[in-house]
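Structure, as structure tokens:
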Amino acid sequence: MTSQTFAPTVFQSFEEKADPKNVAPRLAALRGELTKAGLDAFLIPRADAHRGESVPPGEARLAYVTGFTGSAGIAIVGSKKAGLFVDSRYTLQAPAQTDTNKITVHEVGQGSISDEVALYVPKGGRIGFDPWLHTPGEIRDLANRLGSRATLVPSENLVDRIWPDRPAPPASTIELLGHNRAGKTPADKLADLQASLASDQADAAVLTLPESINWLLNIRGRDVPNTPFVLGYAIVPKSGLPTLFLDGGRITPELTRTLDGIAKLAKTNTLAAALARLGKGAKAVLIDPASAPEAVAATLRMAGAKLIEKRDPVLLPKSRKNDAELAGMREAHKLDGVALAKFLAWFDDNAPSGTLTEIGIVTALEAFRREEETCVDASFDTISGAGANGAIVHYRVTTKTNRTLAAGEIMLLDSGAQYLAGTTDITRTMSTGSSTPEQRDRFTRVLKGMIAISTARFPKGTSGAQIDVLARQFLWQAGVTYNHGTGHGVGAFLSVHEGPTGIAPRYTLPLEAGSVLSNEPGYYKIGEYGIRIENLIVIHDSSVAPGYLDFETLTLAPIDTRLIDKSLLTDAERDWLNAYHQRVLKEIGPLVKGKVKDWLKQATAAI
1 MTSQTFAPTV
11 FQSFEEKADP
21 KNVAPRLAAL
31 RGELTKAGLD
41 AFLIPRADAH
51 RGESVPPGEA
61 RLAYVTGFTG
71 SAGIAIVGSK
81 KAGLFVDSRY
91 TLQAPAQTDT
101 NKITVHEVGQ
111 GSISDEVALY
121 VPKGGRIGFD
131 PWLHTPGEIR
141 DLANRLGSRA
151 TLVPSENLVD
161 RIWPDRPAPP
171 ASTIELLGHN
181 RAGKTPADKL
191 ADLQASLASD
201 QADAAVLTLP
211 ESINWLLNIR
221 GRDVPNTPFV
231 LGYAIVPKSG
241 LPTLFLDGGR
251 ITPELTRTLD
261 GIAKLAKTNT
271 LAAALARLGK
281 GAKAVLIDPA
291 SAPEAVAATL
301 RMAGAKLIEK
311 RDPVLLPKSR
321 KNDAELAGMR
331 EAHKLDGVAL
341 AKFLAWFDDN
351 APSGTLTEIG
361 IVTALEAFRR
371 EEETCVDASF
381 DTISGAGANG
391 AIVHYRVTTK
401 TNRTLAAGEI
411 MLLDSGAQYL
421 AGTTDITRTM
431 STGSSTPEQR
441 DRFTRVLKGM
451 IAISTARFPK
461 GTSGAQIDVL
471 ARQFLWQAGV
481 TYNHGTGHGV
491 GAFLSVHEGP
501 TGIAPRYTLP
511 LEAGSVLSNE
521 PGYYKIGEYG
531 IRIENLIVIH
541 DSSVAPGYLD
551 FETLTLAPID
561 TRLIDKSLLT
571 DAERDWLNAY
581 HQRVLKEIGP
591 LVKGKVKDWL
601 KQATAAI
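So the sequence shown is numbered by this note's numbering: it starts at 1 and just counts up by one.
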């Protein structure tokens, strides 16, 4: 993988195909299939069988039917009406992308669906679902809430029947990571996993999350946008090698030799039979009810397996980055810091003209990142929000929404990259001229929250839910807040959003040394502007307080001091910001030249 594989962001294609005008005919076609299948409604989740934030084009069923292209959501299409359920990140985006005359948009909690789903079927109606796209936990929860009002019925996917030009499954090259990048051999990782299976008295585990499989086997691929995944399934026995299930065409003699001694290979179309064999003899099989497909659980149950439902046993070990992974992450952030210095200098030079567009800004940033040959992709679709668009938390610019940044407006840019060394994610909110007292007040309160997390020290056993308030307290004092988490886990040349820990009320697991998290409080004034400041941080055992943890900041890019109300900062906060900027200059300064270096010196000047 080299820079040759970096795919520039596409602003027109699926977004254009997912036009609201397509909603009505596609709903009509799907309702025809409902009648044939004897169903009253059908569920269409955003997720694929691997629960990825990025899905292959052929798995983007929710966008195909509804037009909504966000990273989370679920629709129900009934015989007469349809609903789309999204969380607070997408309450502006979803109505803008779908046909609200045909689909009612509902706001629900993240990753959930409300009881209002029952309104889309007659009492006692039959709701079809694809068991490969829903987890056992989801199906149980929804069935319990529906009660006698409706019945959930496993079905083949009806959307696939009405999608004549559905893209083929991906088949990218599979890469084996060297020890210098992985830091631990697949054999050692497997031994640890099998020890955990023994403690759970499990005969085997079925892994379906690509980040878990890729990390365990030290492999990477390009099966989905933005994330270096190989998509597949794995069965890990309590002893011996795991079996990796891939689409048949990918299993070549060369790949078999590459993975010799690491994993056996089998075709995906043999998975069901392998699960059935595994279940015989009442074997104990561990699956994650929050991520495994219901189809996997149902096949094992029917074969007589004893299901052990626990969190994916790879997630927590994977989140604890080893020394090699952390060294790679630091290297990635240094490389990203160079690209960002070049970009931010370019932005400051051009933004006051009032001619930059959101797409032009994304294109420029990607060009600076592509100058580094080890940058292989963006880590997610860049959020490039000018003025009022910055208030849309997960805004994704398209050719239809592309906006020119006016001089004096605030610009919010949330972006990241996949370097061979590691994964980055950074948000900067930038000034383009004048700003209002309110904007400076909100920016400074967001900055204070970010600094509070950066400087936090807390006892081992503390969860992200417990420290989330540190980031919000200064906004709360002004009677405002933000409706997203403060931080998520980040993988090492893997997913930019990874579990199982983070900083938000929903993250109740204790934080552990080695985990890389984002630190990104924000403020959003609908219709006017958005503010977010994000650095990545890694958790360490405290060197001064035994039994405590604290953070190291990985991100190396200036924070726009022109938007700060200095009167709101304490001396300690000012000292932290000045020290951070001194570090940015020290580490990035020697790697840039000329006007960029001059700009960097000015941008990191003490306040």
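Beta carbons: idealized from backbone N, C-alpha and C, even for Gly. All figures in this text were calculated on a predicted structure; none of them were measured in a lab.
From the options, residue whose alpha carbon lies closest to that of residue i
{"i": "A266", "options": "P521, G248 and S384", "result": "G248"}
{"i": "I76", "options": "H50, M411 and I113", "result": "I113"}
{"i": "K123", "options": "V516, T100, R149 and D99", "result": "R149"}
{"i": "Q201", "options": "K283, K342, A421 and S212", "result": "K283"}
{"i": "A606", "options": "L142, Q194 and Y580", "result": "Y580"}
{"i": "L316", "options": "L568, D99, S515 and P558", "result": "S515"}
{"i": "I235", "options": "R250, L217 and P225", "result": "L217"}
{"i": "L494", "options": "T399, Q473, I451 and S379", "result": "S379"}
{"i": "E534", "options": "R311, D560 and L27", "result": "D560"}
{"i": "A47", "options": "R222, E573, V23 and A292", "result": "A292"}
{"i": "L413", "options": "T432, T399 and A421", "result": "T432"}
{"i": "P558", "options": "H540, L568, S543 and K586", "result": "K586"}
For residue j and residue i, the rounded distance between their alpha carbons
{"i": "E15", "j": "S54", "result": "Reliability fails at E15, whose pLDDT of 46 lies under 50, so the model's placement of it is uncertain and the value that follows must be treated cautiously. Distance between the alpha carbons of E15 and S54 is about 15 Å."}
{"i": "Q12", "j": "D192", "result": "Interpretation of Q12 is limited by its pLDDT of 48, a score under 50 that renders its predicted location unreliable; the figure taken from the coordinates is listed afterwards. One C-alpha to the other measures close to 45 Å."}
{"i": "K448", "j": "E409", "result": "22 Å"}
{"i": "T374", "j": "Y419", "result": "5 Å"}
{"i": "A324", "j": "G183", "result": "5 Å"}
{"i": "V105", "j": "G78", "result": "14 Å"}
{"i": "Y529", "j": "A391", "result": "5 Å"}
{"i": "D571", "j": "T429", "result": "23 Å"}
{"i": "T486", "j": "T427", "result": "12 Å"}
{"i": "F129", "j": "V376", "result": "36 Å"}
{"i": "A198", "j": "V117", "result": "41 Å"}
{"i": "F551", "j": "E211", "result": "24 Å"}
{"i": "Y523", "j": "R442", "result": "7 Å"}
{"i": "G279", "j": "T299", "result": "8 Å"}
{"i": "I531", "j": "Q439", "result": "8 Å"}
{"i": "L39", "j": "I127", "result": "6 Å"}
{"i": "A276", "j": "L475", "result": "54 Å"}
{"i": "L119", "j": "A37", "result": "20 Å"}
{"i": "G328", "j": "F42", "result": "44 Å"}
{"i": "L190", "j": "T604", "result": "45 Å"}
{"i": "D321", "j": "A297", "result": "The residue asked about is misnamed: residue 321 is Lys in this sequence, not Asp. Between K321 and A297, the C-alpha separation is close to 30 Å."}
{"i": "S518", "j": "A72", "result": "19 Å"}
{"i": "K593", "j": "S384", "result": "27 Å"}
Residue i: first and last residue of the uninterrupted alpha helix (DSSP H) it sits in
{"i": "K448", "result": "P437 to S454"}
{"i": "Q97", "result": "Q93 to Q97"}
{"i": "I359", "result": "E358 to R370"}
{"i": "D575", "result": "D571 to I588"}
{"i": "R149", "result": "Per DSSP, R149 belongs to no alpha helix (DSSP H) and is neither H nor E."}
{"i": "Y64", "result": "R61 to T66"}
{"i": "K342", "result": "D323 to N350"}
{"i": "L315", "result": "L315 to S319"}
{"i": "S384", "result": "Run containing S384: none in the alpha helix (DSSP H); it sits in the beta strand (DSSP E), I383 to A386."}
Beta strand (DSSP E) segment containing residue i, residue limits
{"i": "F85", "result": "A82 to V86"}
{"i": "S415", "result": "M411 to S415"}
{"i": "N535", "result": "N535 to D541"}
{"i": "T104", "result": "I103 to E107"}
{"i": "K36", "result": "Per DSSP, K36 belongs to no beta strand (DSSP E); it is in the alpha helix (DSSP H), V23 to A37."}
{"i": "L563", "result": "Here L563 belongs to no beta strand (DSSP E), and DSSP marks it neither H nor E."}
Where residue i falls, given that 16 or more other Cβ within 10 Å makes a residue buried
{"i": "T227", "result": "buried"}
{"i": "A94", "result": "buried"}
{"i": "P45", "result": "buried"}
{"i": "T2", "result": "Summary for T2: the model assigns pLDDT 41, below 50, so the residue's position carries little reliability; its value from the coordinates is reported in the next sentence. Classification of T2: exposed, given that the 10 Å Cβ count is below 16."}
{"i": "H179", "result": "exposed"}
{"i": "A269", "result": "Here residue 269 is Asn; the residue named in the question, Ala, does not match the sequence. Burial call: exposed."}
{"i": "E156", "result": "exposed"}
{"i": "N389", "result": "buried"}
{"i": "D223", "result": "buried"}
{"i": "S435", "result": "buried"}
{"i": "I526", "result": "exposed"}
{"i": "G109", "result": "exposed"}
{"i": "D87", "result": "buried"}
{"i": "M450", "result": "buried"}
Bridge-paired residues (DSSP) for residue i
{"i": "L176", "result": "I219"}
{"i": "P167", "result": "Per DSSP, none; premise fails for P167."}
{"i": "S463", "result": "P510"}
{"i": "I392", "result": "The partner list for I392 (beta bridge, DSSP) is empty, contrary to what the question assumes."}
{"i": "E552", "result": "V538"}
{"i": "Q418", "result": "D377 and T423"}
{"i": "F458", "result": "L549"}
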